[in-house]
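Counting from 221, one number per residue, gives the positions in the sequence shown under this note's numbering. Glycine included, C-beta positions come from ideal geometry on N, C-alpha and C. In this text the structure is predicted, and so the values were computed from the model without any measurement. Okay, structure first, notes after.
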Amino acid sequence: MIDLPVVPANQPQRKPDWLRVRLPVGKEYAHVRGLVDEHKLHTICESGNCPNMGECWGAGTATFMILGNICTRSCSFCAVATGRPLAVDTDEPNRVANSVKLMQVKHCVITSVDRDDLKDGGSIIWAETINAIRRESPDTTLETLLPDFRGIWDNLDRVLETRPEVVSHNLETVRRLTREVRIQAKYDRSLEALKRTSATGLRTKSGIMLGLGEREEDVLEAMDDLLEAGVHILTLGQYLQPTRNHHPVIDWIHPDQFASYKEWGLKKGFRYVESGPLVRSSYHAEKHLFEM
């Protein structure tokens, strides 16, 4: 292992040149953009100002967030509002399914806030949303980016029974930094969620943000933990601080380091690794539908 360059934390937090993105263009992107504007549809791609929106929309992939936009957790890296969520919208599954149909989404990624206030953790709406999309758009493939459901595994099982093509749960950071970065989450609980998912035979995926203060040995340890849990697909991307009130960026990870991590991940046994400064959970999600 060799040390590769990063920008020290005591330097001004100016984004390096490798974090620049091209403006979204293309026929497919323009088509989806028009539908979103015309029908006032909501995607986390747009509301989260994702740098890969143009590329993903151009490939027919879009990400929807369900169960509201107020989370019951307060992770130091996340810009989603924390507080008391509104009541569950029982018509949401039908509205999301209609949006997917209107946008002609080829591969749909669904995520949600954490709903620790609900006995079912939101799993009923999760399952109903997946089933509604399948009814309206039977040719659309699905990836679900799930919460940990507080370790109440019956709720996780309710979603897994719908058999989405890919199931993801993000580890987000390394073991050493979990208490600092994911205040109400637990590293081993996330691994257990992934282990249970993989045991069902579903394609299992997880992601880690880099630049939060982790060391190379921390990342390699996390890779080993994920592989032991049965994870097939790994994403690694640069953490970007949403506001001054969130966890600061400690390091800007050089693209060469990301390339090194990808090489290590593939050698260790992951079937697919997306690793780069602009990689996010759903980046190239449509390419993760490999044969098991």
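Reduced DSSP category for residue i - H, G, I as helix; E, B as strand; rest coil
| i | result |
| --- | --- |
| Lys321 | helix |
| Ile470 | coil |
| Tyr407 | helix |
| Lys339 | coil |
| Ile372 | coil |
| Ala299 | coil |
| Leu454 | strand |
| Lys235 | coil |
Buried versus exposed call for residue i [16 or more other C-beta atoms within 10 Å across all chains shown]
| i | result |
| --- | --- |
| Ile350 | buried |
| Met221 | Its pLDDT being 34, under 50, Met221 is placed unreliably in this model, and the value from its coordinates should be taken loosely. Result: exposed. |
| Asn465 | exposed |
| Asp237 | exposed |
| Arg240 | exposed |
| Lys515 | With the chain covering 221 to 512 only, the question about residue 515 has no answer from this structure. |
| Glu448 | exposed |
| Thr463 | exposed |
| Pro228 | In this prediction, Pro228 has a pLDDT of 42, which is less than 50 and means its spatial position is unreliable; nothing more can be read from the coordinates. |
Span of the beta strand (DSSP E), counted from its first residue to its last, around residue i
| i | result |
| --- | --- |
| Ser480 | No beta strand (DSSP E) contains Ser480, which is instead part of the alpha helix (DSSP H) from 475-488. |
| Glu400 | Taken as a continuous stretch (DSSP letters only), Glu400 belongs to no beta strand (DSSP E), being part of the alpha helix (DSSP H) at 398-401. |
| Gln461 | Looking at the DSSP string, Gln461 is not in any beta strand (DSSP E), and its letter there is neither H nor E. |
| Glu494 | 492-495 |
Beta bridge counterpart(s) of residue i as assigned by DSSP
| i | result |
| --- | --- |
| Cys184 | Absent from the model: residue 184. The displayed extent of the chain is 221 to 512, so no value can be given. |
| Val387 | Thr364, Thr424 |
| Glu434 | Beta-bridge pairing links Glu434 to no other residue. |
| Met429 | Gly457 |
| Ile290 | Ala301 |
Residue i and residue j closer than 8 Å at C-beta
| i | j | result |
| --- | --- | --- |
| Leu498 | Asp445 | no |
| Arg378 | Ala347 | yes |
| Asp476 | Gly431 | no |
| Pro305 | Asp337 | yes |
| Val451 | Lys425 | yes |
| Asn390 | Glu356 | no |
| Arg416 | Leu376 | yes |
| Val329 | Thr382 | no |
| Leu509 | Thr361 | yes |
| Asp334 | Thr292 | yes |
| Ile453 | Tyr492 | yes |
| Ser502 | Thr281 | yes |
| Ala352 | Pro313 | yes |
| Leu397 | Gly433 | yes |
| Leu380 | Gly342 | no |
| Glu392 | Ile428 | yes |
Extent of the continuous alpha helix (DSSP H) run through residue i
| i | result |
| --- | --- |
| Glu392 | Per DSSP, Glu392 belongs to no alpha helix (DSSP H) and is neither H nor E. |
Residue i at chain B interface by Cβ criterion, 8 Å
| i | result |
| --- | --- |
| Met323 | Absent from the structure: chain B. Only one protein chain is present. |
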